[in-house]
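Residue numbers (full-length UniProt numbering): 1 to 101. Just so you know, even glycine gets a beta-carbon here, dropped at the ideal spot from N, CA and C.
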């Protein structure tokens, strides 16, 4: 009984090790990053008089995109629309909206 149990464990292990060589995993291509934000929280994200998004959150994400070599696009949207916009063809890579926790 112990031999059958040991043999079955070895066969299962061999199967997983052998089949792992045939699995190809691809990471998402992060050349373009779309960030959704409200832009209504001064210091974090706000719109300056010239109409540009500014703030701490914007600066951090811009620097991360620069270091990744990615193009970063900020899209202003209402908070209520952020969740439903994820499922749209232009969906966001992530949201940026005064997350301080």
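Self-check item: Assigned exposure category for residue 58 - 16 Cβ within 10 Å defines buried
Solution: buried
Exercise. Examine the Cβ distances between the stretch 69-78 and the stretch 5-12 and report whether three or more of them are shorter than 8 Å.
Key: no
Exercise. Check residue 101 in the structure and name its three-state DSSP category.
Key: Summary for residue 101: the model assigns pLDDT 45, below 50, so the residue's position carries little reliability, and this model does not support an answer.
Practice problem: Identify the continuous alpha helix (DSSP H) that holds residue 66 and give its terminal residues. | Solution: 56-68
Quiz item: Would you report the Cα separation of residue 44 and residue 56, rounded to the nearest angstrom?
Solution: 5 Å
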